[in-house]
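Student:
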Amino acid sequence: MTIEERILCLRKELHQYNYQYYILDEPTISDFEFDQKLKQLQDLEREHPQFADANSPTQRVGGGITKSFPTVQHDFRMYSLDNSYDFDDLEDWISRMKKTVDAPIELVAELKYDGASISILYENGILTQAVTRGDGFQGDEITANVRTIKDIPLQLHGAFPARFFMRGEIYLTQENFQKMNESRIQEGLDPFMNPRNTASGSLKMQDSAEVASRKLSAIPYQMVSEHMPVSTQWEMFQLMKNIGFKTSPYTKLCKTIAEVYDFINYWEEHRHELPFEIDGIVIKVNDFHQQTLLGYTAKSPRWAMAYKYKAEKVETVLESVSYQVGRTGAITPVANLSPVLLAGTMVKRASLHNEDIIKKLDLHEGDSVFVEKGGEIIPKIVGVNKEKRTIFSTPIQYITHCPECGSQLEKIDDQAIHFCPNEWECPPQVMGKMIHFVSRKAMNIESIGQETIAQMYKVGLIKNIADIYDLSIEKLLPLDRMAMKSAQNIMQGIEKSKEIPFEKVLFGIGIKHVGETVAKKLVKNFETIEALASASVEELCAVEDIGVKIAESIRQFFQNSDHQILIHRLKDAGVQLEKKASDTSLESTILEGKTFLFTGKLTLFTREKAEQMVEKHGGKNISSVSKNLNYLVVGEKAGSKLKKAESIGTVIILDENQFLEMIGNAEE
3 MTIEERILCL RKELHQYNYQ YYILDEPTIS DFEFDQKLKQ LQDLEREHPQ FADANSPTQR
63 VGGGITKSFP TVQHDFRMYS LDNSYDFDDL EDWISRMKKT VDAPIELVAE LKYDGASISI
123 LYENGILTQA VTRGDGFQGD EITANVRTIK DIPLQLHGAF PARFFMRGEI YLTQENFQKM
183 NESRIQEGLD PFMNPRNTAS GSLKMQDSAE VASRKLSAIP YQMVSEHMPV STQWEMFQLM
243 KNIGFKTSPY TKLCKTIAEV YDFINYWEEH RHELPFEIDG IVIKVNDFHQ QTLLGYTAKS
303 PRWAMAYKYK AEKVETVLES VSYQVGRTGA ITPVANLSPV LLAGTMVKRA SLHNEDIIKK
363 LDLHEGDSVF VEKGGEIIPK IVGVNKEKRT IFSTPIQYIT HCPECGSQLE KIDDQAIHFC
423 PNEWECPPQV MGKMIHFVSR KAMNIESIGQ ETIAQMYKVG LIKNIADIYD LSIEKLLPLD
483 RMAMKSAQNI MQGIEKSKEI PFEKVLFGIG IKHVGETVAK KLVKNFETIE ALASASVEEL
543 CAVEDIGVKI AESIRQFFQN SDHQILIHRL KDAGVQLEKK ASDTSLESTI LEGKTFLFTG
603 KLTLFTREKA EQMVEKHGGK NISSVSKNLN YLVVGEKAGS KLKKAESIGT VIILDENQFL
663 EMIGNAEE
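Numbering (the numbering used here), first residue to last: 3 to 670.
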């Protein structure tokens, strides 16, 4: 057997194993055996690149970097669906269709997977292109990323049109979404808000290996071709399954609208038993000829309708309010609720954010409250059932002293948040500062986690961030569940942290109001910790985007004798407290003179990564919207900054993908 024949044979085997595992859910080979065969194929392809194939099973793992996503016109427009929220809307829809179709109308009901739409071109059974929905007329070509999704076949089998588009939904299962968020929280990152936006954002990531790691899923819902070999929606589902696609088992052919209602009602009650999120039911006319008769409006097919489920709201009892202390001393009130089932999970707590929210809701002890999730991870109280309030209930009184150390709380006039001022002795603040210091965005000491910090603090091994550099293997080994290897890893991580650049150290120290962006600006203007410590408020305010509040906070920090001792100890330990020449290297100057601000929830990259990209190409990050801002890059749920930028009129507003295109062009 020649090398080429061996490669082709392995590809055929692995395609079949993938089909049996992901489509049929009937694996015929162990994971170990599969991995061994995949490695053989990877080695052969690497050694013989002349036999490369974009649809090889090895492409499932990703690894290619895409700097920009070309815009592609859809051969067949991708329409949106009209929405309905009650059965009266559906009755009206049926009545309208009967005016055009003089025959019985069969309907197909299917789950409305909550994800991102995709159009995938297959030519002679081979996946050749994948394009996002975009505006329906054109989208972005993301083929490399889609090839990593194992639910999507790279080549088909059986009889199918020579050229067709498979339309489908890319989504995240709840299990994979939860695992991803747990990992992000461990890394000190904000969790993603919901599976739908995360799936959509993942499709536009530049690194296909990162896309592969997110374990996206896919479900097809429509084949589009000039010449379809079937005449109904139901037959199309059977065809999709026969040629190699993983189809939804949750579909129903309905002879009457009453059967559709039964389907809708059943899944409204049972949808949280599904391993993925749905936001409604899609109903389509089954017969393709009838679909053609009904046609389209300007934006939607007249032969299809989406029935949307309303956001869930439940009623439960507010048992008490407790208070959490953050690393900055900020106090967050939390509502403790009688356990209640909401959106498939048992809810016991809800954030109240601050005293103003409590006053706005007029919360009383023992109130019956309405709680919503509505796509958010953290449940929130949205109202009070005052009809159930008794004359004996009393308003919630916000605490006046810290629940952890007993210090009297302080409140800044222009802020809604209360603070505990006892930063050096209040346990959550002390541990929070150390957890922040070792986090990935600061000193990046991966071997020291939150639990380890808490354990070392409780036994008196560390009381502040400088104590971390006094640790030794001998001091660590007596800790619970601390083996020699773990202790060695901690010490190696601590030693490596001494190479972290000054700007990250400054951010890690935890000066109030000095975030990542402010730390970078300070280091650009004050190249040593001594220069920064001796700077006056006027000199600090001369730095771009540094106002009086930040400047005074910096001065107060360095005037504190405890902080001065802390800085001396860090410097003696070898931590970088001055800027090195290598910290200022640029990849290009194409963004020189341009200012950027990022707002909303970013899904394609972290804010830290985005700001690094701006600076590497000569641009500047600023912290507020003004006439000095050139570009505002908006993520999910952008709010007041977006509105202000729009009102100014001169600010160019970009989404994440457009920003990446600018960076991609800069790197070409």
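A virtual CB, placed ideally from N, CA and C, is assigned to each residue, including glycine.
Exposed or buried, what is Q235 when buried is set at 16 or more other beta-carbons lying within 10 Å of its beta-carbon?
Tutor: Buried, by the Cβ-count rule.
Student: When the Cα atoms are used, what is the spatial distance from E275 to T30?
Tutor: One C-alpha to the other measures close to 28 Å.
Student: My guess is that A352 and I393 are in contact by the Cβ rule of under 8 Å, so how many angstroms apart are they, rounded?
Tutor: Contact flag wrong, Cβ pair sits at about 25 Å.
Student: Rounded to whole angstroms, what is the Cα-Cα separation between I654 and P335?
Tutor: Approximately 38 Å, taken between the alpha carbons.
Student: Thinking C-alpha only, which one of Q660, S625, L662 and N630 is nearest G651?
Tutor: Selected option, being the one with the closest Cα: N630.
Student: Kindly give me the distance between the Cβ atoms of L579 and I548, rounded to whole angstroms, as I take these residues to be in contact under 8 Å.
Tutor: That belief does not hold up - the Cβ atoms of L579 and I548 are roughly 19 Å apart, past 8 Å.
Student: Quick check: what's the CA-CA separation for F439 versus I502?
Tutor: For F439 and I502, the distance between alpha carbons rounds to 12 Å.
Student: Taking only the alpha-carbon atoms, compute the straight-line gap between I475 and K498 and give it to the nearest angstrom.
Tutor: Roughly 16 Å separates the two Cα atoms.
Student: Give me the residue from K100, I120, V539 and R165 with the minimum Cα distance to I259.
Tutor: I259 has its Cα closest to that of K100, out of K100, I120, V539 and R165.
Student: Tell me C256's beta-bridge partners as DSSP assigns them.
Tutor: Beta-bridge pairing links C256 to L109.
Student: Could you tell me which uninterrupted beta strand (DSSP E) segments, each at least 3 residues in length, are contained entirely in the region 578-640, listed from first to last along the chain?
Tutor: With a minimum length of 3 residues, the continuous beta strand (DSSP E) runs that stay inside the region 578-640 are 597-601 and 633-636.
Student: What residue from A485, E112 and E35 has the CA that sits closest to Y309's CA?
Tutor: With distances taken between Cα atoms, Y309 lies closest to E112.
Student: For G621, count the other beta carbons within 10 Å of its own beta carbon; 16 or more makes it buried, fewer makes it exposed. Which is it?
Tutor: Buried, by the Cβ-count rule.
Student: Provide the residue span of the beta strand (DSSP E) that contains D657, from first to last.
Tutor: Run containing D657: I654 to D657, per the beta strand (DSSP E) assignment.
Student: Only counting the same chain, and skipping five residues up and downstream in sequence, which positions put a Cβ closer than 7 Å to that of A722?
Tutor: Residue coverage of the chain in this structure runs from 3 to 670, which leaves residue 722 outside it and unanswerable.
Student: Using the three-state DSSP reduction, which class does A337 fall into: helix, strand or coil?
Tutor: Strand at A337.
Student: Could you check which residue in K254, N199 and V262 has the C-alpha nearest to that of G88?
Tutor: For clarity, residue 88 is Asp in the given sequence; the question names Gly instead. Nearest of K254, N199 and V262 to D88, Cα basis: V262.
Student: Between E389 and P381, is the Cβ-Cβ spacing less than 8 Å?
Tutor: No, Cβ-Cβ distance for E389 and P381 is not below 8 Å.
Student: Once you ignore the five residues that flank F166 on each side, which residues in its own chain have a CB closer than 7 Å to its CB?
Tutor: Closer than 7 Å at the Cβ level, and outside the excluded window around F166, lie Y124, M225, V226 and S227.
Student: For G377, which three-state DSSP category applies?
Tutor: Note that G377 scores 48 on pLDDT, short of 50, meaning its location in the model is unreliable and no value can be drawn from it.
Student: Select from K645, S302, T145 and Q38 the residue whose C-alpha is nearest the C-alpha of S210.
Tutor: Nearest of K645, S302, T145 and Q38 to S210, Cα basis: T145.
Student: For A300, does the count of other Cβ atoms within 10 angstroms reach 16, so buried, or fall short, so exposed?
Tutor: Exposed is the call here.
Student: Less than 8 Å between the beta carbons of I154 and I122, yes or no?
Tutor: Contact flag set, yes.
Student: Can you tell me where the alpha helix (DSSP H) with A1 in it begins and where it stops?
Tutor: Because residue 1 is not part of the residues shown, which for the chain are 3 to 670, the question remains open.
Student: Can you round the beta-carbon distance between S302 and D84 to whole angstroms, since I take them to be within the 8 Å contact cut?
Tutor: Correct: roughly 5 Å between the Cβ atoms.
Student: Apart from the five residues just before and just after I455, which ones in its own chain have a Cβ nearer than 6 Å to its Cβ?
Tutor: Hits under 6 Å: M433, M436 and I437.
Student: Just the Cα atoms here: how many angstroms apart are R673 and Q131?
Tutor: Outside the shown range of the chain, which is 3 to 670, sits residue 673, and nothing can be said about it.
Student: Going straight from the alpha carbon of T253 to that of Q660, what length do you get?
Tutor: Cα-Cα distance, rounded: 38 Å.
Student: Got a sec? Which residues, its chain only, sit under 8 Å from A118 by beta carbon, not counting five neighbours each side?
Tutor: Result list for A118: T134, R135, E171, I172, Y173, R198, A201, S202 and L205, in chain order.
Student: Taking C-beta to C-beta, are G510 and A575 nearer than 8 Å?
Tutor: In this structure, A575 does not lie closer than 8 Å to G510 by Cβ.
Student: Is Y686 helix, strand or coil by DSSP?
Tutor: The chain is shown from 3 up to 670; residue 686 falls before or after that span and cannot be answered.
Student: Please report the straight-line C-alpha distance between F528 and R442, rounded to a whole angstrom.
Tutor: Each residue's alpha carbon lies about 24 Å from the other.
Student: When burial is assigned at 16 or more other CB atoms within 10 Å of the CB, is R13 buried or exposed?
Tutor: It counts as buried.
Student: Within its chain, find whatever has a CB closer than 6 Å to the CB of A220; leave out the 5 residues flanking it on each side and keep chain order.
Tutor: I151, D153, I154, G170 and I172, listed in sequence order.
Student: Using the Cβ count rule (16 or more neighbours within 10 Å means buried), how would you classify F1?
Tutor: Lying before the first or after the last residue shown, residue 1 is absent from the chain, which here runs from 3 to 670.
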